[in-house]
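Going down the list, the sequences are from chains C, U, X, A, B and Z.
Residue numbers for the first sequence, in the numbering used here: 247 to 493.
Residue numbers for the second sequence, in the numbering used here: 247 to 493.
Residue numbers for the third sequence, in the numbering used here: 247 to 493.
Residue numbers for the fourth sequence, in the numbering used here: 247 to 493.
Residue numbers for the fifth sequence, in the numbering used here: 247 to 493.
Residue numbers for the sixth sequence, in the numbering used here: 247 to 493.
No residue lacks a Cβ here, since even glycine has one placed at the ideal position from N, Cα and C.
None of the values given here were measured: they were computed from a predicted structure.
Protein chains: 6
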Amino acid sequence: MPSYRRRDGRACDQTREIKIQRGFTNAPGSVLISSGDTVALCTASVVDDAPDWMKRDGNVPTRGWITAEYRMLPGSTKQRKPRQDRPDGRATEIQRLIGRSLRAVLDAEALGPRTIYLDCDVLQADGGTRTLCVSGACVALIDAINSIRASLPNPDVYPLRDSVSAVSVGIVEGSPMLDLCYVEDSAAEVDMNVVATGKGRFVEIQGTGEEHSFDDEQLAALLALAKKGTARVAALQREVLADAWPF
Amino acid sequence: MPSYRRRDGRACDQTREIKIQRGFTNAPGSVLISSGDTVALCTASVVDDAPDWMKRDGNVPTRGWITAEYRMLPGSTKQRKPRQDRPDGRATEIQRLIGRSLRAVLDAEALGPRTIYLDCDVLQADGGTRTLCVSGACVALIDAINSIRASLPNPDVYPLRDSVSAVSVGIVEGSPMLDLCYVEDSAAEVDMNVVATGKGRFVEIQGTGEEHSFDDEQLAALLALAKKGTARVAALQREVLADAWPF
Amino acid sequence: MPSYRRRDGRACDQTREIKIQRGFTNAPGSVLISSGDTVALCTASVVDDAPDWMKRDGNVPTRGWITAEYRMLPGSTKQRKPRQDRPDGRATEIQRLIGRSLRAVLDAEALGPRTIYLDCDVLQADGGTRTLCVSGACVALIDAINSIRASLPNPDVYPLRDSVSAVSVGIVEGSPMLDLCYVEDSAAEVDMNVVATGKGRFVEIQGTGEEHSFDDEQLAALLALAKKGTARVAALQREVLADAWPF
Amino acid sequence: MPSYRRRDGRACDQTREIKIQRGFTNAPGSVLISSGDTVALCTASVVDDAPDWMKRDGNVPTRGWITAEYRMLPGSTKQRKPRQDRPDGRATEIQRLIGRSLRAVLDAEALGPRTIYLDCDVLQADGGTRTLCVSGACVALIDAINSIRASLPNPDVYPLRDSVSAVSVGIVEGSPMLDLCYVEDSAAEVDMNVVATGKGRFVEIQGTGEEHSFDDEQLAALLALAKKGTARVAALQREVLADAWPF
Amino acid sequence: MPSYRRRDGRACDQTREIKIQRGFTNAPGSVLISSGDTVALCTASVVDDAPDWMKRDGNVPTRGWITAEYRMLPGSTKQRKPRQDRPDGRATEIQRLIGRSLRAVLDAEALGPRTIYLDCDVLQADGGTRTLCVSGACVALIDAINSIRASLPNPDVYPLRDSVSAVSVGIVEGSPMLDLCYVEDSAAEVDMNVVATGKGRFVEIQGTGEEHSFDDEQLAALLALAKKGTARVAALQREVLADAWPF
Amino acid sequence: MPSYRRRDGRACDQTREIKIQRGFTNAPGSVLISSGDTVALCTASVVDDAPDWMKRDGNVPTRGWITAEYRMLPGSTKQRKPRQDRPDGRATEIQRLIGRSLRAVLDAEALGPRTIYLDCDVLQADGGTRTLCVSGACVALIDAINSIRASLPNPDVYPLRDSVSAVSVGIVEGSPMLDLCYVEDSAAEVDMNVVATGKGRFVEIQGTGEEHSFDDEQLAALLALAKKGTARVAALQREVLADAWPF
């Protein structure tokens, strides 16, 4: 069925080459992650305080929080992307997705009253930056949590219940395919981002018809590709974390 | 299976009472829409000019554009919600969803070089405001387009290919259910917003595990409820538009 | 003397039809008020805390405060009015007028340390929005205060000393007239907004020559019309509040 | 009747000592004006272009415009006033008043397509800054217009029809009085700012009950004081402008 | 060597006429300072509280702070300079320089937990505004400190160790010269601002090649001029402060 | 004389290990530069248009421009640095320094009407970020200019007259030293940043006494260290650019 030929010769159910480098800088978690020409730096910083909104009305928080920020560096795109005063609509949407995805596997009580910031800065953009950042942020987050393991409220309860990984899928010229690069993404009729846990359960599904709509059969094909892709990233995360793997 | 008893006695696959009032004010499209205690005013205004970004580099646009803005009025919530003149993260996400949903059925060429603004102001909030606004904005949009029908580029091509309607679904205490009110929404383990065309095709699926994840079976149950709900709203849109119905 | 013929056939000392609907939404005070084609939603919300500026330097406030916000919804005007990042000069001026007008009859001690927000959102604009909002906000304020009557510091002292109502007057083509619609307002040589108490005393007089000046005689004629108009609105306020009337 | 004794021994119908110094800096109009301890620098700058809003849709303006900006320097008050680069509500209201007051006597056609900016910076504040700025800005404006007289569209038509001057009046401890200093202003039950033309016609009347209301008799007393005060300032303006007086 | 003839006939090592007027307004320190046609008002205000950043984490400050703000009034330049929402890059740089320069001679402990604001507003600009403001702010600061002398922590320790003065120097058409006016500054190949203590030690050196570079010999010539100029200003500061001189 | 022992055992006139990696991402110029633990990504992007301010009043520019932006990523410091989308005072000062330094060697006519953006994002901060960014941006700039060499106005005129490099120097515990790390910088009595051309001429000298002042002898010692340091960096720049070296 998939009649579309990908520019880089990939099969429709194949991701680009994904690389994950831990410890890129000295932050508690610091991960340089790439999928083909898309490259992001994901750092995880620990602030030993719950966020202000947890402390209103004299409340003394016992739970923690994870929040994310996402930006594209100006030099990350072919045409320089002007730096923005504050996150634009797209960046706002993406950083909310990243934070929500990681909080879905968080045991907030086990983290204790602290805030972990996931800063995802895209160094080079070629499609799929948001899902790549979810996957990279998860590795940075695990490194950061491991770095404070001694000071967690309960040494026997790890503050994450599972890892998460994410991929983009889409329909291009009628063919469902996995891990779209920028050119494919621009041409896609349907665009979907899927976040899943290491055990393969859904955390987030965001599917959008771009000036198109889609039916049940197409949805099923996309979800199947997404499951394959998130599983592949999850395996790589586990591999690069090796004996730091907490689950 | 659904063991959860809804506060208002509704069945799990039942929406609240939905009312749509056209011509609430004098704007080309002006719709007061409510589902239970959630009430929104959706107006559609026509600006006879394409957006600036279409005109860069001396480009003379022939196509049109639809854009949306979403806000909650300060008095719309029990605790007064401080006025946010500039959309916060949530409002940004929602207004992007509304605009994207309606553009999915737009024939931009047939609209001609003009911009239609969909302003969705929530007057009273009790859950499901974003999907209610998609549904109300669609009716306002049709009224607005009908008001300029004489000046469209091609009288034989209507600028929309179909209507769109939207509902929220979610899993509360393990039970999938349709059109969540605020109390249900706050307790939901999974929250999903679905936008569909009048013909029943998907335009947008946004499913999120709220500190939870979900599996294929749960996803299927939610999508089935969403199909039922969007079809019900679509029928009501058709009914209130009556002989103004363009399709 | 008045040679000017009004478009809608009104006499110079006649207001448009004024309607006041209480309980439009669930906020403690929620009033839909209209004068002809000008329509505004005025809600009153109670926050059980004095404003921050009363609490500086460890001060524990015993008095309350009333503040107002005013906006025009984008769809309220023929040409869509772009939503603004923050109130523009005109909106700032108007919301300060609304707050000041209601505070003029406030017994701050009798309200206790709480803040009442008067949110005035113009749904449709055809002249006289600011004075209509003062009149509508007064009704919403009374409903809101009545809703917290049991928790006032002193059950025997009502926190308002009187009601307030407001009208616009102006000189168009040399003729003084009452309650100007947009077309009249645009053509007015002198424009005046007057706020008065239920007992008929002045609270605020703002008269402006629009590229014109005016003399004592013209001022007298305008004030006479304003007294007539504010009395008429005051009577209507009393009527719609009926047994909720506190004075 | 006036039982109140003024701190500085002034009669109730007496202004403080008013000084006007032209040419304080090199701007086309540059006036240092003071009334007692209130001191402001009013400069008038000419920009040889109509404002942008006059040029929309390819319009070629033939008329001019006057606009004003008002700020208090941080060191102008006893307690340092934090710098507000963007005007707060009060400054917005005041600068709109200043601009409107001078535009009331403007012959926009006779000015030609240019913009005159009136920048009013309060160097020391002791009550009555807004009316002092109107009076000072008028002198700066005349100096600025005189400096471009050779390039006006029509040498025989002066772009102002008259001068304007302004004073504050108010009721303190029941007594109407003229030109309130800060201490009097803070205690005033009614506060009124009046702008008049050199010929004595009203341009603007802004009267406000500060937690009080007022009746016709009090209004009449205030207006009488205001007429006396504006006439006195008008005479001084004429005196300092001497042979530069255009009317 | 200096072949360049200055427009105003000055020698290359000569400043313009410098005037310092203390007590221009009622602020604790209020200095009108001018060098030729450059005129600035420098006020010093005392806030009896350390800045917020000193009080974080429950810290109780014993030391004080000096901070500066710098703006050019809109009428200070030939072409009106639009007022800005917040300090632009240049103003930010300058106000940081002013604050840093005065803090270099501050004994923070001896000042006690208070903040002195130095507000430097340029009334007329003809080159050298930033260095003139440093010199003027120093005089205002001494007046302000003298006004609170009775309430300093230790009456025997003056909170400043020395005065500071500043001048601009530059190379124009190959000639090093002192105190550049605007026309010279615009043409300068090298531009340098030097701040020195009353005893002649350097506090700050900021030298910049404007599309040019410079060598050791040129640097030496500029520094020699700067020493001469700062000494001259320091002498004048001492003279105008006379018996208020604290050192 | 230098009694201070550096933590990392360096001699006082020794820089940390400096590494320059070209082509880190696909931008026309993309340089990862580090000095010890300070790491920055400097990209150079070419926009084929002169900046807007060159085009005012219908001007058709023939010259080009270089501008710079500087930020520290949130994860670059031990304590996470809250993201500042809009540059704070320090970042403003630094990005102005970077742009000015490179423009000092620019032949604007030879660049033609285009703008080169130098984006300097600090990935890890351990002192000396601003000077490292100047040095890295110079390499990125040369790579970017080489990438458009074919389309320069005149193939025989290279748009840069020389390279630039920069180092920080300072006085710590009385000892002048080169290339301060964060701990040394925090303790420095005098802090100086020096930018020089490849030929060794000064482009910028910014020396600041941090709560201290300094004399001629100290200045001379600092300048000598700076000359040594900038020459060392210049040699490295030449080496990494090798046959891409344009001078």
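Min CB distance residue i to chain Z below 7 Å
i                : result
Lys451 (chain B) : The sequence given here has Ile at residue 451 (chain B), not Lys. Yes, Ile451 (chain B) lies at the interface with chain Z (some Cβ there is under 7 Å from its Cβ).
Arg342 (chain B) : yes
C-beta neighbour in chain B for residue i, strict 7 Å
i                : result
Pro248 (chain A) : Note that Pro248 (chain A) scores a pLDDT of 49, beneath 50, so its modelled location is shaky; the value from the coordinates is reported in the next line. So, not an interface residue.
Ala371 (chain Z) : no
Arg447 (chain Z) : yes
Thr443 (chain Z) : yes
Under 7 Å between C-beta atoms of residue i and residue j
i                : j                : result
Ala296 (chain U) : Pro274 (chain U) : no
Leu424 (chain A) : Gly358 (chain A) : no
Arg268 (chain X) : Tyr363 (chain U) : no
Tyr250 (chain A) : Glu463 (chain A) : no
Leu378 (chain C) : Val415 (chain C) : no
Val449 (chain U) : Ser381 (chain U) : no
Pro422 (chain Z) : Leu465 (chain Z) : no
Arg349 (chain Z) : Ile312 (chain Z) : yes
Arg376 (chain U) : Ile340 (chain U) : yes
Gly373 (chain X) : Asp431 (chain X) : yes
Ala383 (chain Z) : Cys366 (chain Z) : yes
Thr443 (chain Z) : Asp408 (chain Z) : yes
Thr338 (chain A) : Thr338 (chain X) : yes
Ser276 (chain X) : Ile264 (chain X) : no
Pro492 (chain B) : Tyr404 (chain B) : yes
Glu315 (chain B) : Arg329 (chain A) : yes
Interface flag, residue i vs chain A, CB-CB below 7 Å
i                : result
Asn392 (chain B) : no
Pro297 (chain B) : no
Glu485 (chain B) : no
Ser291 (chain B) : yes
Ser315 (chain B) : The question names Ser, but residue 315 (chain B) in the sequence shown is Glu. Chain A, which has a Cβ nearer than 7 Å to the Cβ of Glu315 (chain B), makes this yes.
Thr308 (chain X) : no
Min CB distance residue i to chain U below 7 Å
i                : result
Asp461 (chain C) : yes
Minimum Cβ-Cβ distance from residue i to chain X less than 7 Å
i                : result
Glu339 (chain A) : yes
Leu319 (chain U) : yes
Presumed contact (8 Å Cβ cut-off) between residue i and residue j, rounded CB distance
i                : j                : result
Arg360 (chain Z) : Gly321 (chain Z) : About 33 Å separates the two Cβ atoms, so there is no contact after all.
Val436 (chain B) : Ile451 (chain B) : Wrong, their Cβ atoms sit about 12 Å apart, outside the cutoff.
Pro369 (chain U) : Val285 (chain U) : Sequence inspection shows Leu at residue 369 (chain U); the Pro mentioned does not correspond to that position. Right, the Cβ-Cβ distance comes to about 5 Å (below 8 Å), so this counts as a contact.
Val486 (chain B) : Val351 (chain B) : Not confirmed; about 18 Å, so no contact.
CB contact below 7 Å: residue i versus chain C
i                : result
Thr454 (chain U) : yes
Thr476 (chain U) : no
Within-7 Å CB hit, residue i to chain E
i                : result
Phe493 (chain B) : Any reference to chain E falls outside this structure, whose protein chains are C, U, X, A, B and Z.
key: Residues within the segment 278-289 of chain U neighbouring chain X, beta-carbon criterion of under 8 Å   = Asp283, Val285, Leu287, Thr289
key: chain Z contacts made by the segment 261-275 of chain B, where a contact means CB separation under 9 Å   = none
key: Short-range partners of chain A found in the segment 349-383 of chain B, where Cβ spacing is below 8 Å   = Tyr363, Asp365, Asp367, Leu369, Gln370
ask   = Got a sec: which bits of the segment 326-337 of chain X sit with their beta carbon under 7 Å from any beta carbon on chain U, in order along the chain?
value = Listed in chain order, the positions of the segment 326-337 of chain X with a beta carbon within less than 7 Å of a beta carbon of chain U are Arg326, Arg329, Gln330, Asp331, Arg332.
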